[in-house]
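Protein chains in written order, with this note's numbering: chain A, 2 to 245; chain B, 2 to 580.
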């Protein structure tokens with residue numbers, strides 16, 4: 002059995018530093034296992050969020066050797082153990098303690114999005130191929146890794162008037178639902194600020210559910226916003242007919 | 002009351018837990034006009050419901066037109082070895098289809114049949130394809146639907162808040178004492194009704210599919226408040242958890258693998274279910290399949306890491322990835338196994354507790370006024386063994402009913418009760434005293450010892466001397482837990498949280514072991530090596546646990562008698578019901 006060294010961020014909003022810990026490596030071990038070993042042995046108050054330990058709940062997001070990851074999915078045998086494994090909290094949200102950050106902003110953004118609004122007299126029948134795309138978006142486990150790496154949030158610190166990739170995916174799942182009747186393009190443009198996104202695809206790269214965030218959600222939504230709000234012909238048509 | 006010292010909130014209905022049952026209860030209570038608060042240990046949308054995979058059982062009859070509530074009712078009663086509360090099983094079977102359709106109207110996107118309706122799949126013990134599903138991530142779909150619908154219903158959510166004690170005045174539950182994980186500050190909730198929807202207690206066992214949240218809080222809170230718990234000996238060991246590598250041991254492998262045609266084999270390549278349940282084979286009930294795998298391993302026919310082989314690789318690879326996407330990724334990423342090319346290794350894992358708070362089926366009311374329970378925290382619905390898929394439907398049917406029951410009860414109470422300050426001070430003391438000790442055991446060590454004892458002594462097969470040993474060990478651990486020492490500050494301190502959760506786990510573990518000791522027979526999820534037969538006399542009795550002073554009283558009460566027309570359904574041949 003080999004030994005590995007972990008450098009884990011310990012601290013809170015006031016500041017902190019990396020603290021070294023040693024753990025015994027077991028076969029198939031993931032970073033979250035290592036964190037639990039450290040808790041049980043050396044640091045009982047080490048703060049970390051986790052739930053399912055199977056990449057289904059999206060709680061244990063962190064930056065492992067600088068890479069935004071789910072700790073429950075990051076195997077130690079995928080890391081260079083000859084050097085310390087550095088575990089830090091995700092960077093784009095305020096630190097509460099150690100590996101735990103304040104992600105409450107995301108829950109506030111979600112409230113701005115009109116919920117599923119079925120058409121009147123909807124037949125409630127649709128084909129599987131009509132919903133394959135919607136189901137892709139609904140795989141999201143809300144780990145917020147996409148929010149964490151989004152340039153608008155990470156580099157520019159923009160949170161007011163912006164929604165971030167997670168909520169573009171959520172809106173896409175609603176807008177492309179065959180039975181939904183609400184129009185969220187106004188919210189997308191004004192409150193979720195989809196125009197800020199410059200399609201660098203960082204969100205897509207970190208998504209543990211392999212959702213094609215940029216290509217399948219953001220770009221089609223940007224097109225809808227342009228069609229709805231910047232297309233002069235459509236504007237005239239809407240004025241004349243009163244249709245959306 | 003020292004209102005100034007604590008953050009205080011008043012609600013008509015306080016729901017503890019935000020999984021499927023808690024959210025459904027909160028939605029209904031709000032809709033009934035009750036001012037509603039929801040408390041959850043984790044962030045919203047992370048509760049254990051998210052881990053449910055295979056589907057939600059409801060007799061929609063989309064795939065098999067002969068399916069009906071009667072067939073579902075019969076399957077549920079037979080799966081539960083007829084220890085279920087007949088009224089719960091009836092309401093569940095009758096109302097589940099509406100609850101599923103309602104979810105669809107709130108935005109859930111289930112997989113479809115060829116003609117565009119909700120698709121249903123086979124599952125163990127169900128005599129028709131009955132589980133509405135979304136690949137193998139049905140629980141995520143359900144919780145996200147309830148969450149996204151719920152945030153517009155006007156109830157207030159307290160995330161990362163844990164209730165440590167229910168407040169009781171004059172034999173009535175009137176509120177709850179809680180702490181915020183983030184800063185360790187306390188909250189006093191005053192409420193006319195409280196709904197417990199806290200899930201189960203898998204974390205008391207070493208090998209479990211459950212998350213850290215599953216520490217029996219709801220069962221223990223109800224017990225401490227004087228409510229009755231029933232049938233606590235019935236713990237479900239899911240037949241298929243991962244067995245390798247060590248870090249992922251216990252993580253769930255959905256029954257949908259078998260529902261979609263997966264086969265179980267031992268090291269000799271034999272489909273061993275032929276010996277245990279030749280008719281239903283892999284789609285036998287969970288109690289049977291778990292014992293079969295355990296027996297194969299025990300008798301030397303296990304896989305290299307002490308499990309059985311579960312194989313779906315005879316199906317086309319792309320089809321497997323579409324039907325079981327998260328299983329594909331789970332095994333690929335965590336165990337280096339490609340399930341489209343070869344078998345998985347699986348073994349039993351502690352998954353669910355059938356026992357729980359005794360409730361009135363129609364309203365979810367417990368035996369203590371003002372206190373309600375739903376979902377895994379309640380007992381009676383599943384009898385001695387739960388069928389797969391019946392949990393998600395249980396959450397919806399009885400979450401709704403408990404929310405309604407609690408809201409109705411709140412209307413009958415004109416004002417919030419006055420709470421004795423001494424009660425709150427005592428709750429506060431209990432939280433803080435572990436910090437003041439200069440010496441004492443670590444909560445992590447006590448927890449590990451409890452898990453080892455429950456795993457080895459109160460597991461799949463039980464015997465008197467093991468149960469007695471477990472009860473003695475739990476007694477010792479309870480004493481040690483009284484001296485537990487917590488290091489660090491009150492800010493997001495998992496060691497402290499565990500020290501508090503431990504108390505609930507120990508109480509519930511004792512209830513399980515003592516109930517198991519009393520039931521001298523084998524039935525469903527409870528198998529005794531020293532009493533291997535199912536005894537008719539035990540088939541008419543619920544086991545009852547209740548707090549008696551500082552001691553735990555365990556007794557029996559007669560099973561509610563089933564009306565003749567329902568008895569006829571249960572006793573009839575399947576072909577006579579499925580018409």
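Cβ coordinates follow ideal geometry from the N, Cα and C atoms, glycine included. Fair warning: this is a prediction, and the values are worked out from it, not measured in the lab.
By the C-beta density criterion, residue 438 of chain B is exposed, having fewer than 16 other C-beta atoms within 10 angstroms.
Partner residues in the beta bridge of residue 196 of chain B, as assigned by DSSP, are B:16, B:373. In this structure, the beta-carbon distance from residue 72 of chain B to residue 90 of chain B does not fall below 8 Å.
Excluding its 5 nearest sequence neighbours in each direction, residue 54 of chain A has C-beta neighbours in its own chain below 6 Å: 73, listed in chain order. Judged by DSSP in its simplified three-state form, residue 336 of chain B adopts helix.
For residue 547 of chain B, the secondary structure class from DSSP, reduced to helix, strand or coil, is strand. Rounded to the nearest angstrom, the Cβ distance from residue 39 of chain B to residue 156 of chain B is 6 Å, consistent with a contact under 8 Å. Residue 578 of chain B and residue 324 of chain B have their C-alpha atoms spaced approximately 30 Å apart.
The beta carbon of residue 567 of chain B sits closer than 8 Å to those of 74, 87, 91, all from its chain and outside the five residues before and after it, given in chain order. The Cβ of residue 86 of chain A sits no closer than 8 Å to any Cβ of chain B. When C-alpha distances from residue 122 of chain B are compared across B:359, B:276, B:135, the shortest belongs to B:135. Nearest to residue 466 of chain B by C-alpha distance, out of B:532, B:377, B:449, is B:532.
Interface criterion not met: the Cβ of residue 106 of chain A is under 8 Å from no Cβ in chain B. Under the criterion of beta carbons closer than 8 Å, residue 553 of chain B and residue 501 of chain B do not qualify as touching, at roughly 20 Å.
Residue contact check for residue 233 of chain A against chain B: no CB pair falls below 8 Å.
Contact between the stretch 223-232 of chain B and the stretch 327-341 of chain B is absent, with fewer than three C-beta pairs closer than 8 Å. Within chain B, the residues 43, 44, 47, 212 have their CB atoms less than 9 Å from the CB of residue 60 of chain A, given in chain order. Assignment of beta strand (DSSP E) within the stretch 518-573 of chain B, counting only whole runs of 3 or more residues, yields 542-549, 552-559 in chain order. Secondary structure note for residue 141 of chain B: it is in no beta strand (DSSP E), and the uninterrupted alpha helix (DSSP H) holding it is 139-151. Shown here, residue 413 of chain B sits in coil according to DSSP, grouped into three states, outside any helix or strand.
When secondary structure is reduced to three states using DSSP, residue 457 of chain B falls in the helix class. Among the residues of the stretch 87-114 of chain B, those with a Cβ less than 7 Å away from any Cβ of chain A are 105, 106, 107, 108, 110, 112, 113, in the order of the chain. CA-CA distance, residue 190 of chain B to residue 28 of chain B, rounds to 19 Å.
The C-alpha of residue 414 of chain B is placed about 12 Å away from the C-alpha of residue 174 of chain B. Chain A has no Cβ within less than 8 Å of the Cβ of residue 208 of chain B.
Nearest to residue 154 of chain B by C-alpha distance, out of B:224, B:67, B:84, B:32, is B:32.
Cβ atoms of residue 92 of chain A and residue 134 of chain A stay farther apart than 8 Å, at about 31 Å. With fewer than three CB-CB distances shorter than 8 Å, the stretch 115-129 of chain B does not count as touching the stretch 410-430 of chain B. The beta carbon of residue 100 of chain B lies closer than 6 Å to those of 397, 398 in the same chain, with the five residues before and after it left out. Using a Cβ distance threshold of 8 Å, residue 493 of chain B and residue 44 of chain A do not count as a contacting pair.
Residue 98 of chain B sits in a helix when the DSSP states are folded into three classes. Just so you know, the alpha carbons of residue 145 of chain A and residue 62 of chain A end up roughly 8 Å apart. Shortest Cα-Cα distance from residue 98 of chain A to any of B:426, B:185, B:449 involves B:185. When C-beta atoms of the stretch 359-377 of chain B are compared with those of the stretch 242-261 of chain B, fewer than three pairs fall below 8 Å, so the two segments do not count as touching. Residues of chain A whose Cβ lies closer than 9 Å to the Cβ of residue 247 of chain B are, in chain order, 27, 28, 29, 30, 34. Look at the beta carbons and you see the stretch 384-393 of chain B touching the stretch 51-59 of chain B: at least three pairs across the two are nearer than 8 Å.
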